[in-house]
Structure formats: C-alpha cells, structure tokens
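Read the structure below first, then the notes.
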Amino acid sequence: MNQIALTAGHGSRPQSVLIADFNNDSRMDVALANSGSHTITIFLGDGNYSFSNLATYSAGSKPVSIAVGDFNNDRRSDIVVANYDSETISIFLGCGNGSFSNQSTYSTGPASYPYFVAVGDFNNDTAIDIVVITQGTNNLGTFLGYGNGTFSNVTLMPMGYGSNPFCVLIGDFNDDRKLDFAVANEGTDSLSMFLQTC
21 MNQIALTAGH GSRPQSVLIA DFNNDSRMDV ALANSGSHTI TIFLGDGNYS FSNLATYSAG
81 SKPVSIAVGD FNNDRRSDIV VANYDSETIS IFLGCGNGSF SNQSTYSTGP ASYPYFVAVG
141 DFNNDTAIDI VVITQGTNNL GTFLGYGNGT FSNVTLMPMG YGSNPFCVLI GDFNDDRKLD
201 FAVANEGTDS LSMFLQTC
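Heads up: the sequence shown begins at 21 in our numbering, then just goes up one per residue.
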C-alpha cells in the first residue's frame, strides 16, 4: 500500500474527514474538519492518486465532525460540520465546481458542545435533514431541512445524565422505511436506539 501526505496547514489539527465528488468530475475529493484552525479544507482529486486546488473555508470554533449531503436539491454536494466550542453547526453549500458558499450557522444550544454530525431524510419529505450529538447537554438533536439549503431550529431528545454520547449512525432498523438512530454512549457504556414511530 502506497502512502501520500496532504497538509492542511500547521496547527490545523484535522479531526474528521469525508470523501465525495465536489466538482462533478466523477473523481473522489476530500474534505477535512480542522479543529485547530477552525476551518474546513477541500482537496480536489485528480483521479491518479494525487490531489490539487487546496481550498480553505472558515467554520465555527473547533469543528470536530463533518458530513456531506445535498441540502438544496441542486445535485451538488454540500457540507455540514459540528463546531464544538461555538456550539453550532455550519452549512456550506457546494457550487458544483469544488468551491463552496460561506458558512451559515445554526445553534445547537448553550453549553451543548456538538461532537458528531450525520445526515439523512428523517421525515420522508425528500429533503435532507441533520442529526447532531451534543456531549455537553447529553442530547440527540435534529435539524429538519427545507430542501433549499436552510433548516429548522434544533429539536432535542435527551440521552440521559452522564451518557456522554459519542457518535450516531442512521439506518432503518425495523424495516418500516423510516430512518432510525443508533447512538454510542461513552459515559454509560451503552448503545441507545431511537426508532421513528410517526
């Protein structure tokens, strides 16, 4: 196995990575959430195990998790990051050429410290929604998408005192065509399952 190194800058401290096609050339690109420099970094893939056109965008304070989805139904890849210290999520809408709009932010609540973010259509309206884990308040939070790149305010579901939720995965666990949540709780050595009932 060959190894290459891509740099996001001194002190950037990348903490989360994703792969997607950001410029519609059928080649895989890379995005990093940099907790030290409070940015995201985009590397565009050349299709031959090399990357070019490094671009950096300002996020909130200490972005620690990153996910991709089409938030405005334009068939372009958009990005969401969880900003731990600023207690927000940031939305970056993709332009389809590897560049992104400036961030728009949504609060996850005071002292929430969002740690992990994921996406999916949780209410079966064809618009992509966002789920976030908040370690500071031990909550699972959802932002419902409107299909135009904007989202509702967060709706919180308590995980229990001291649960310290660490990450969330999404899937249909009971074959009812509704997306459910599985949450790993570091503080209580447990797994919480949330099944959608409506």
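We treat Cβ as the ideally placed atom computed from N, Cα and C, and that holds for glycine.
Residue state for VAL151 is assigned as strand, using DSSP reduced to three classes.
Take ILE111, set aside five residues on each side of it, and the residues of its chain with a beta-carbon closer than 6 Å to its own are VAL100, SER124, in chain order. The beta carbon of GLY167 sits closer than 6 Å to the beta carbons of ASN93, ALA147 from its chain, once the five residues preceding and following it are set aside; these are given in chain order. If you draw a straight line from the Cα of LEU164 to the Cα of ARG197, it is about 18 Å long. Of the residues GLY169, VAL174, ILE153, the one whose Cα lies closest to the Cα of SER212 is ILE153. Three or more Cβ pairs closer than 8 Å define a contact, and the region 134 to 149 meets that threshold against the region 181 to 196. In this structure, DSSP gives SER212 an extended state, which the three-state scheme calls strand. In the DSSP annotation of this structure, the continuous segment of the beta strand (DSSP E) that includes THR61 starts and ends at 59 to 65. Under the three-state reduction of DSSP output, ASN117 falls in the coil class, being neither helix nor strand.
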